[in-house]
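Visitor: Keeping their order, the protein sequence lines are chains A and B.
Sequential numbering from 2 applies to the first sequence in this note's numbering.
Sequential numbering from 16 applies to the second sequence in this note's numbering.
Beta carbons: idealized from backbone N, C-alpha and C, even for Gly.
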Amino acid sequence: MPPKLTMSNTVIIHKTSDVELINMLKASGIDKKNAEEQLFNAYSYFIKEGQRKYKLSHDEVFDAYADAMLAVIEKIRNDAFKGLSSIKTYLYQIFHNKCVDFLRKKTTNKQSVHQTASISESMFQLSDSAKSIINKLMEKTDFDLLKQKLNELGDNCRQLLLLWADGYSDKEIVGKLTYKTADVVKTTRLRCMDKLRLLYNTKLY
Amino acid sequence: MGNLEYIESYFCNELSPGERVQFEQKIINDKVFAEEVAFYCSAKQMIKNELDSEKKEQFRKIYQQTNASHQSKINATKIWLLSASAAAIVAIVFGWYLFEKPVSTPQLADKYILEHFQTLGIRMSSRQDSLEIGEGLYNDGKFPEALQQFERIIKNNTESFEAKKYAGIVSLKLKNYDKALAYFSQIENDSVFSNPAKIYKAITLMERNNAGDKEQAKELLHQIIQNNLDEKETAAEWLKKKW
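(1) Give the residues from the segment 52 to 68 of chain B that approach chain D closer than 9 Å (Cβ to any Cβ), ordered along the chain.
(2) Curious, which full-length alpha helix (DSSP H) runs of at least 4 residues does the segment 83 to 167 of chain A contain?
(3) In the DSSP assignment, the alpha helix (DSSP H) including N64 of chain B goes from what residue to what residue?
(4) Within 10 Å of its beta-carbon, does I89 of chain B have 16 or more other beta-carbons around it, so buried, or fewer, so exposed?
(5) Going by Cα to Cα distance, which pick from A:L146, A:Y201, A:L26 and A:K150 is closest to K76 of chain A?
(6) So, is F54 of chain B buried or exposed, given that buried needs 16 or more other C-beta atoms within 10 angstroms?
(7) Within 8 Å (strictly less), CB to CB, does M70 of chain A reach chain B?
(8) Can you find the residues in the same chain that come closer than 8 Å, C-beta to C-beta, to Y78 of chain B, ignoring five residues on each side of it along the sequence?
(9) For L123 of chain B versus M61 of chain B, is the C-beta distance shorter than 8 Å?
(10) Touching or not, the segment 232 to 250 of chain B and the segment 52 to 68 of chain A, by the rule of three or more beta carbon pairs under 8 Å?
(11) Could you give the distance in angstroms between the alpha-carbon of C193 of chain A and the alpha-carbon of E177 of chain B?
(12) Under 8 Å, CB to CB, which of the residues in the segment 193 to 224 of chain B have a partner in chain A?
(13) Would you kindly report the start and end of the unbroken alpha helix (DSSP H) that includes G51 of chain A?
(14) Please decide whether L199 of chain A counts as near chain B, where near means a Cβ-Cβ distance under 8 Å.
(15) Answer with yes or no whether the minimum CB distance from S175 of chain B to chain A is below 8 Å.
(16) Among the candidates B:V47, B:E252 and B:K256, whose CA atom is the shortest distance from the CA of S84 of chain B?
(17) Run the CB neighbour count on D245 of chain B, radius 10 Å, all protein chains shown included, and call it buried at 16 or more, exposed below.
(18) Suppose you measure from the CA of E147 of chain B to the CA of S209 of chain B; what does that come to, to the nearest Å?
(19) Rounded C-beta distance between S186 of chain B and L162 of chain B? I'm assuming under 8 Å.
(20) Would A251 of chain B count as contacting chain A if we go by Cβ distances under 8 Å?
(21) For S130 of chain A, return the contacting residues in chain B, with the cut-off set at a CB-CB distance below 9 Å.
(22) Taking 8 Å as the CB-CB cut-off, is D167 of chain A touching chain B?
Set out below in structure tokens:
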């Protein structure tokens with residue numbers, strides 16, 4: 002059971018219900034960004050409560066809250082949030098776990114234990130033997146170099162790939178950027194990925 | 016594009032059960048293909064991490080702005096309680112005058128420019144590019160040279176959001192308001208994660224202060240609030256003032 006939060010300093014008026022928020026988070030366009038900000042603001046008082054309860058620094062608690070928020074947004078978009086509890090309870094549970102992780106990290110000083118790379122959700126689709134091969138190859142990836150190469154791709158490619166990673170479909174990207182059709186978006190996106198691969202491999206070998 | 020489309024079809028569940036088995040078998044038997052799949056997964060994960068970092072920065076900005084306004088409200092209340100009697104006298108004498116005096120829009124714009132456009136290029140990435148040359152010139156106060164550099168970038172890449180944004184800022188610094196407005200107008204509808212072009216456009220109009228500029232600036236500030244765009248808190252604060 003997560004510890005109970007006191008609501009003494011809460012000034013939130015829940016104008017938007019969970020259902021409305023979920024629908025907005027799953028929508029496309031401006032609603033999506035608005036919903037993320039609304040959700041963030043609605044429970045940002047967790048940060049001060051967390052500082053008091055867990056005796057962590059403001060930056061640590063902020064990171065825990067922001068990470069929990071991003072996790073909740075992703076779970077909602079992927080339909081992994083089943084609505085068995087309110088968004089607030091669900092968010093708090095994840096936030097609590099992140100704070101406890103920070104505490105453990107501080108008390109045991111075993112940072113490496115808690116810094117394992119998160120496995121991409123898509124990897125779970127692979128069979129065990131294929132997954133094991135891909136995992137081993139991914140362990141060799143120089144993520145800093147890959148990030149550097151993403152920045153060298155140019156604004157257009159970078160923006161396109163970020164929208165794709167944010168869950169926008171090719172059809173939605175047509176409306177957001179200046180492409181004519183979803184097919185053009187897909188071709189351009191795959192070309193950008195290929196360009197990234199070439200840039201990364203050139204530097205690597 | 017090699018096997019990227021095929022790899023994506025697998026992860027998007029577009030292959031039949033038989034094709035999926037073949038795909039997984041290919042990973043086991045074909046080392047080059049397995050490396051392509053691993054690259055796809057790594058790249059997607061890295062891009063997602065990059066996106067999350069940008070979102071966290073955005074959350075931090077929102078939190079700081081909200082907190083600052085909340086904190087200033089608390090402080091204001093405390094000060095008011097402590098000096099209520101003295102403030103009442105001052106308020107009676109000067110209150111009417113201050114309340115009625117319209118705000119000077121060029122002064123508001125000057126303050127913003129002073130606070131936000133001192134330097135360019137505070138970025139988290141380790142990118143080394145021609146944009147940075149322009150940023151360096153700007154930060155050294157060489158505005159005409161910086162403008163030339165940004166315009167050179169725009170000439171080579173007409174879609175460069177950052178170069179246009181910076182060219183607009185430098186033009187504003189050089190008091191070439193028409194040029195600044197033209198650059199900000201070009202990017203104001205670009206769908207980037209953070210786009211302050213509308214507020215920059217409003218500031219330029221407030222600085223120029225020609226007939227009708229004030230009204231246009233106000234309209235832009237209203238749009239910023241309605242569409243929940245960057246700097247909506249600043250826009251709301253300015254609109255509260257008497258123009």
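Guide: The relevant details are as follows:
(1) Among the protein chains of the structure shown, namely A and B, there is no chain D.
(2) 88 to 109, 112 to 115, 129 to 140, 144 to 153 and 156 to 166
(3) As a first step, residue 64 of chain B is located in the second sequence; it is residue number 49 there, counting from the start. Element bounds for N64 of chain B: K46 to L97.
(4) Looking up residue 89 of chain B in the second sequence gives position 74. Classification for I89 of chain B: exposed.
(5) As a working note, residue 76 of chain A is residue 75 in the first sequence. Among A:L146, A:Y201, A:L26 and A:K150, the Cα nearest to that of K76 of chain A belongs to A:L26.
(6) Taking the first residue of the second sequence as position 1, residue 54 of chain B is located at position 39. Classification of F54 of chain B: buried, given that the 10 Å Cβ count is 16 or more.
(7) By one-based count along the first sequence, residue 70 of chain A stands at place 69. Yes, contact with chain B.
(8) Position 63 of the second sequence, counted from the first residue, corresponds to residue 78 of chain B. Contacts found: none.
(9) Numbered from its first residue, the second sequence carries residue 123 of chain B at position 108. Numbered from its first residue, the second sequence carries residue 61 of chain B at position 46. Contact: no.
(10) no
(11) Position 192 of the first sequence, counting from 1, holds the residue named residue 193 of chain A. Position 162 of the second sequence, counting from 1, holds the residue named residue 177 of chain B. Approximately 19 Å, taken between the alpha carbons.
(12) S206, V207 and F208
(13) Working through the first sequence from its first residue, we reach residue 51 of chain A at position 50. Unbroken alpha helix (DSSP H) run through G51 of chain A: Y46 to Y55.
(14) Stepping through the first sequence from its first residue, residue 199 of chain A is reached at position 198. By this cut-off, L199 of chain A is not an interface position.
(15) Mapped onto the second sequence, residue 175 of chain B falls at position 160. Chain A contact via Cβ: present.
(16) By 1-based counting over the second sequence, the position of residue 84 of chain B is 69. Per the Cα distances, B:E252.
(17) What you label residue 245 of chain B is simply residue 230 of the second sequence in a count that begins at 1. Buried: at least 16 other Cβ atoms inside 10 Å.
(18) By one-based count along the second sequence, residue 147 of chain B stands at place 132. By one-based count along the second sequence, residue 209 of chain B stands at place 194. Between E147 of chain B and S209 of chain B, the C-alpha separation is close to 19 Å.
(19) Position 171 of the second sequence, counted from the first residue, corresponds to residue 186 of chain B. Position 147 of the second sequence, counted from the first residue, corresponds to residue 162 of chain B. Going by Cβ atoms, the distance from S186 of chain B to L162 of chain B rounds to 6 Å, so yes, they are a contact pair.
(20) The residue given as residue 251 of chain B occupies position 236 in the second sequence. No, its Cβ sits nowhere closer than 8 Å to a Cβ of chain A.
(21) In the first sequence, counting from the first residue as 1, residue 130 of chain A sits at position 129. Here the neighbours are E39, I42 and I43.
(22) Taking the first sequence and counting its residues from 1, the one referred to as residue 167 of chain A is at position 166. Cβ-Cβ to chain B under 8 Å: yes for D167 of chain A.
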